[in-house]
Amino acid sequence: MTENTGEYRDSMEMDFTGRNFYEEYAWECDLANGVITFNQEWQKRLGYSAEAVKPGMDGWKSLIHPDDRERTIKSLMDYIEGRSEKYEAIYRIKARDGKDVWVLSSGKALRTDKSGKITRVGGVQRLISDIETVELNLRERKKELEFFFAFSKLIDDCGDSLEKICAGLTELLPKAFFDSEHTGVEIVYRDGVYSSKNLLKDSRFIRKPLKRDVEEIGSISVYYPGYRDVRFLSEEDRVLSSIAERLGKIAIRIENSKALKESEELFKVTLASVGDAVLATDAFGIVTFVNGTSCEMLGLEMQKILGRHVNSVMHIFNELTGEPAEIPVDRVLSSGRKVGLANHTCLKSENGKIYFIADAASPIVMENGEIVGVVMNFRDVTSEKERERRILESEEKFRHLIENMIGGMIILYSDDGGKTFKVRDIKSGISGLHFDRESVGGKDIGEVLPAISSTSLSAAIESVWESGKPLALDPIYYDDGVLKGWWENYIYRLPSGDVVTLNYNVTERKELEEFQRLSHSNLVELSKSVASRNFDLQSFMEKAVETVGRMLRVDRAGIYMLNENSEFDIRLLYEVSADKISSNAGRAMDQKLAEKYLSHIKDRRVLSIENVLEENIEDLFIRSLIDVQVYGILDIPLRIKGEIIGSLYCDMRGPRSWSYEERSFAASVGDILTMALEEDRLVRSEMRYRNMFEASSAMMVLIDPDSGRIVDSNPVACDFYGYGREEMRQRYTSHLGLGDLEMMSDIKNGRSRRFTTRHLLAGGEIRDLEIFVGPVEIDGKMLLNCIVNDITDRVNAENKVRETMVELERSLKDTVMLISKIVEARDPYTAGHQANVSRLAGEIAEKMGLDKKRVQWVKTAGMLHDIGKVSIPAEILSKPGKLNELEWSLIKNHPLLGREILSEVYLGGPISEIVLQHHEKMNGSGYPNGLKGEEILLEARIIAVADVIEAMSSHRPYRASRGLEEAIREIVMNSGELYDPAVVKACIQILESGFNLSGK
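Be aware that the sequence shown starts at 0, since it is given in numbering that gives the first Met the number 0, and climbs by one per residue.
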């Protein structure tokens, strides 16, 4: 787009028809009086009479063309006031017939005052003829030619520097315009702006765009802030258009030239330095180019490859059959399409070395479509083949571990930035629940587990996905109508970005914990009821039966009582589903059946049958249960002074497994119920309590809370502890092996409690006990009544549960280690490096006298010191050539990444800080934080030395092993400068003692 704020005036629009080129007329201006006069011949020539033109300045101005007036007057005033050395102006003046006549006016000073100021000026007016107009036009064309010549020279002098061309043009271009003194130029190109010196922008300007095809890449603008009546010439507009067009082409040429040079240089450097082998041929298969990697893999020098046919320097065969394989050059030349090698292709080098290779060949096509050659690129994939094999093995081990782990696992991924999560793999940790892993793969987790959004697990998955920090959730309750229960979840993010949740079904544990809490509360409440002054046996028995029925969730619970005829009556019956208690519900067993029932319970504390149908159905009692459709029972004999007086029973209309805790709870209620029956029989007297104490089948001990002395113990307790009654009375709680008195300190204030402890029996055996303690007043003294329950079997069972949890933790650790090994497979050259560093560093730590805990820190940090490299692309880790700055900066960042990964995991010590500092040096030249001397953890200084020894002694893709001797020379030479001298000394002693770095 062209912009112009003024009208163009054409320099050829001058009418001199019929006028003589040599006609001149005089004029004179008296500045003191403001009078300007012209001779009569001049007035006559213009068609005016002598009186028609007023002699004043205003009369002259009125005749000048409006477009020329300001400029002409300014030229005269510049001369009079000394700003110009001469006066000369070309302008149009109006003749009597209305036509504009072009005149050339010139003049000089005729008189000055004493100060030298001009007071009178005079000169001639010349009517310009056609010939002179041509001369003026020629001068303008010469002016343009001189400008274009200067512009061409500027381009030659500046070469490809567009900045210099633009800067020079801003000073050169004004000279091509009529009033160069007041003309300014501004050039805008891309992000650069170039302007004439002292540029004054004005509303009068011409702007021409600089274009690359249809894209505007800049502009060139000419501003004229001079005389208001001056307009741009049309010729000047054409000149500017020409300059803009040429400058645009120059800019495009320079841009293309730079891009081409950069592309050529980049192409050469890329081919020379690329890790892949590159080989090019002409249209006849003759090799025209090879890079260094090609030479190395072919086993030939470059001179021996160039100029030969590709088939004579490259020998490939099929890995599986050993048959020669086709080199695809001829096929590419004939088809004009890209061709790749088949799988299992190997290259045999001239030196006999075999490479597994991946290859592609593409045609080199000219703009006219002619195929002039082929370019082949092939690379050594031997290490990738080995890595694939190792990954497949690791994945198989990982899969085996998943299939056999105790808990469940869900692997999730997100393809929408964490908004939703889909199942990649799943294994149920809930017995009896199995997922079709093929069918649920790729489904939204909300479809697989519909109720997950109502739990904290959903938010935890999102948090771990965003932050990368692992989380361990408190058990959550899940219920979607089909799947329900308590889950314990551990959530972490894999390096791939997938989120893994390990879940363990802890429903049984949670239910057990809740059952233990409620059972303790109920037993304490029942014990208090027995000791209450307002004790009522009937109310207590109803409460006991209701408690057992509700806690054990049975169909029916009640109390059988043996009558004087040796028959069992139903004293209480509680129908749990109806929440109804009936008293004296009738006869339960006649003498014959009661006798059989007594034979089942007489030697037991608890009679439990899980499935009646699996018992001897010929048994009278078993057959009676089947007759009333009872298939599971839990009965507690009630004894007073060793004699059975009845039983607390629980019936199920279907088979039922009874847990240890359920049996213990029912037995404890039976003991308390027995105490209540005894309490009732002794009519609340002190003797009644004594008799109850003596006759109770439960172990009971009376203790003085002030001294801890055992005041008395019942026969059952004496038998259990293995002491006579008098021996027991001479003992204190401390004699039993533990300080139980501290646990009973607050019971004197009227509060009861339950606690577990361990007691030493007379025979030396230690048993685990559960003790219910409550205050009791005897002979006016407050004593502690302890009901002792042997829970050794239960504790053993709990220990087994804890061992199972340890196994779970070990499985978790094995899972993490296996995932770490899968990650390690990304860099096969450093496989075993961390283990070797861990071993050597541990030996150094022990040699330096560190305690066992710190030695373990060193070993653990050694195993994990390069874990930060999991975030570094495998191509960089296994790159055979020298790393560039960007790649090296990524490598140097791995201690920070390692610290980030480990900081949220508790590993028993400052492992993450040791990993962070293991590349720091004593003189502060290490990374990432440039720590010095004692600022570096000793454990990190040990890892640094072990790392150098192992790394220099091992092979790397970019160099061969330097050997142990050079590694030792390195740490000795830089001892105190880079490495801790004490660590270096200990390391050398270990190596000289025959320590094997490989661990073999």
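Virtual Cβ for every residue (Gly too), placed ideally from N, Cα, C.
- [ ] Report, in whole angstroms, the separation of the C-beta atoms of A844 and V836, which I expect to be a contact under 8 Å.
- [x] Reading the sequence shown from its first residue, position 845 is the one you call residue 844. Reading the sequence shown from its first residue, position 837 is the one you call residue 836. A844 to V836, Cβ: 12 Å. No contact.
- [ ] Enumerate in chain order the residues of its own chain whose CB-to-CB distance from F692 is below 6 Å, with the five nearest sequence positions on each side excluded.
- [x] In the sequence shown, the residue the question calls residue 692 occupies position 693. The residues are M699 and N713.
Task: Distance between V904 and L990 (C-alpha atoms, nearest Å) - done: By 1-based counting over the sequence shown, the position of residue 990 is 991. By 1-based counting over the sequence shown, the position of residue 904 is 905. Cα to Cα, the separation comes out at about 33 Å.
Task: Collapsed DSSP secondary structure at T673 in the structure displayed - done: Numbered from its first residue, the sequence shown carries residue 673 at position 674. In this structure, T673 counts as helix in the three-state DSSP scheme.
Task: Runs of beta strand (DSSP E) lying entirely within the stretch 523–570, each at least 3 residues, in chain order - done: 555–561
TODO: Output the boundary residues of the alpha helix (DSSP H) element that contains T292.
DONE: By 1-based counting over the sequence shown, the position of residue 292 is 293. First-last of the alpha helix (DSSP H) with T292: G291 to L297.
Open item on the list: Short of 6 Å in beta carbon distance, which residues of its chain neighbour H104, apart from the five on each side in sequence? Order them along the chain.
Closed with: Sequence index remark: in the sequence shown, residue 104 carries index 105 (1-based). In the sequence as presented, His is not what sits at residue 104; that position holds Ser. Hits under 6 Å: A88 and Q124.
TODO: Return the CA-CA distance between L647 and P704, expressed in angstroms with no decimal places.
DONE: By 1-based counting over the sequence shown, the position of residue 647 is 648. By 1-based counting over the sequence shown, the position of residue 704 is 705. Their Cα atoms are separated by approximately 33 Å.
Open item on the list: Can you tell me whether W101 is buried or exposed? The criterion is at least 16 other CB atoms within 10 Å of its CB, across all chains shown.
Closed with: Start at 1 with the first residue of the sequence shown, and residue 101 comes out as number 102. With 16 or more Cβ atoms within 10 Å of its Cβ, W101 is classed as buried.
- [ ] Take Y477 as the anchor and find which of V505, S160 and D568 has the nearest alpha-carbon.
- [x] By one-based count along the sequence shown, residue 477 stands at place 478. Looking at the Cα atoms, V505 is the closest of the given residues.
Task: Residue span of the alpha helix (DSSP H) that contains I363, given as start and end - done: Here the question's residue 363 lines up with position 364 in the sequence shown. Premise fails: I363 lies in the beta strand (DSSP E), I353 to V364, not in any alpha helix (DSSP H).
- [ ] Mind checking which residues open and close the beta strand (DSSP E) that includes V775?
- [x] As a working note, residue 775 is residue 776 in the sequence shown. Where V775 is concerned, the enclosing beta strand (DSSP E) stretches over I765 to I777.
Task: CA-to-CA distance, E886 to G880, given in whole angstroms - done: Position 881 of the sequence shown, counting from 1, holds the residue named residue 880. Position 887 of the sequence shown, counting from 1, holds the residue named residue 886. Roughly 11 Å separates the two Cα atoms.
Open item on the list: On the CB-based measure, 16 or more other CB atoms within 10 Å of its CB, does S61 come out buried or exposed?
Closed with: The residue you call residue 61 lines up with position 62 of the sequence shown. Looking at its Cβ environment, which holds fewer than 16 other Cβ atoms inside 10 Å, S61 is exposed.
- [ ] List the DSSP bridge partners of D792.
- [x] Looking up residue 792 in the sequence shown gives position 793. For D792, which the question treats as bridged, DSSP gives no partner whatsoever.
Open item on the list: Is the beta carbon of K858 closer than 9 Å to that of H893?
Closed with: Position 894 of the sequence shown, counted from the start, is the residue given in the question as residue 893. Position 859 of the sequence shown, counted from the start, is the residue given in the question as residue 858. Contact flag unset, no.
Open item on the list: Considering Cα atoms alone, identify which of R604, I935 and N488 is closest to D473.
Closed with: Numbered from its first residue, the sequence shown carries residue 473 at position 474. Closest by alpha carbon: N488.
Open item on the list: For V982, report the span of its alpha helix (DSSP H) as first-last.
Closed with: For this step, residue 982 is matched to residue 983 along the sequence shown. Run containing V982: P980 to E991, per the alpha helix (DSSP H) assignment.
Task: Supposed contact pair G441 and K1001 - C-beta distance, whole angstroms, cut 8 Å - done: As shown, the chain starts at 0 and ends at 999. That puts residue 1001 outside it, with no answer to give.
Open item on the list: How far does the beta strand (DSSP E) with Y90 in it extend, from its first residue to its last?
Closed with: By one-based count along the sequence shown, residue 90 stands at place 91. Y86 to K93 is the extent of the beta strand (DSSP E) around Y90.
- [ ] Just the C-alpha distance for H832 and R211, rounded to the nearest angstrom, thanks.
- [x] Taking the sequence shown and counting its residues from 1, the one referred to as residue 832 is at position 833. Taking the sequence shown and counting its residues from 1, the one referred to as residue 211 is at position 212. Near 57 Å, if we compare the C-alpha coordinates of R211 and H832.
- [ ] Using 10 angstroms around the beta-carbon of T292, count the other beta-carbons present and answer buried if the total reaches 16, otherwise exposed.
- [x] The count along the sequence shown starts at 1 and reaches residue 292 at position 293. Result: buried.
TODO: Mind checking which residues open and close the alpha helix (DSSP H) that includes G58?
DONE: Counting from 1 along the sequence shown, the entry for residue 58 is found at position 59. M56 to L62 is the extent of the alpha helix (DSSP H) around G58.
Open item on the list: Nearest by alpha-carbon distance to E769: which of R757, V775, I154 and K780 is it?
Closed with: In the sequence shown, residue 769 corresponds to position 770, counting from 1. Measuring from the Cα of E769, the nearest candidate turns out to be R757.
- [ ] Assign N784 to one of two classes, buried (16 or more other C-beta atoms within 10 Å of its C-beta) or exposed (fewer than that).
- [x] Stepping through the sequence shown from its first residue, residue 784 is reached at position 785. So N784 ends up on the buried side.
TODO: Enumerate in chain order the residues of its own chain whose CB-to-CB distance from S74 is below 8 Å, with the five nearest sequence positions on each side excluded.
DONE: One-based indexing of the sequence shown puts residue 74 at position 75. If we look at S74 and ignore the five residues flanking it on each side, its Cβ neighbours are S83, Y86, E87 and A88.
Open item on the list: In the DSSP output, what is D634 paired with across the bridge?
Closed with: To locate residue 634, count along the sequence shown from 1; it is residue 635. L606 and Y648, per the DSSP bridge assignment.
Open item on the list: Suppose you measure from the CA of S656 to the CA of E510; what does that come to, to the nearest Å?
Closed with: Taking the first residue of the sequence shown as position 1, residue 656 is located at position 657. Taking the first residue of the sequence shown as position 1, residue 510 is located at position 511. Cα-Cα distance, rounded: 15 Å.
TODO: Going by DSSP, name the residue or residues bridged to G407.
DONE: As a position in the sequence shown, residue 407 is number 408, starting the count at 1. Its beta-bridge partners are N502.
TODO: Flag this pair as yes or no: are the beta carbons of L633 and A665 separated by less than 9 Å?
DONE: Locating residue 633 in the sequence shown gives position 634, counting from the first residue. Locating residue 665 in the sequence shown gives position 666, counting from the first residue. Their beta carbons are under 9 Å apart, which means L633 touches A665 by this criterion.
Open item on the list: Can you tell me where the beta strand (DSSP E) holding W464 begins and where it ends?
Closed with: Residue numbering aside, residue 464 sits at position 465 when the sequence shown is read from its first letter. Counting along the chain, W464 falls outside any beta strand (DSSP E), though it belongs to the alpha helix (DSSP H) covering S455 to S466.
Task: N-terminal and C-terminal residue of the alpha helix (DSSP H) that W887 is part of - done: For this step, residue 887 is matched to residue 888 along the sequence shown. Unbroken alpha helix (DSSP H) run through W887: E884 to K891.
Task: Member of G306, V277 and I285 whose CA lies at the smallest distance from the CA of C294 - done: As a first step, residue 294 must be located in the sequence shown, where it is residue number 295. Looking at the Cα atoms, V277 is the closest of the given residues.
Open item on the list: Taking only three categories from DSSP, how would you classify T344?
Closed with: The count along the sequence shown starts at 1 and reaches residue 344 at position 345. Looking at T344 - three-state DSSP - the assignment turns out to be strand.
- [ ] Tell me, please, which residues DSSP counts as bridged to T280.
- [x] The residue labelled residue 280 in the question sits at position 281 within the sequence shown. In the DSSP output, where bridge partners are listed per residue, T280 has V286 and V373.
Open item on the list: Considering just the uninterrupted stretch of the alpha helix (DSSP H) at F176, what are its terminal residues?
Closed with: If you number the sequence shown from 1, residue 176 lands on position 177. Looking at the DSSP string, F176 is not in any alpha helix (DSSP H), and its letter there is neither H nor E.
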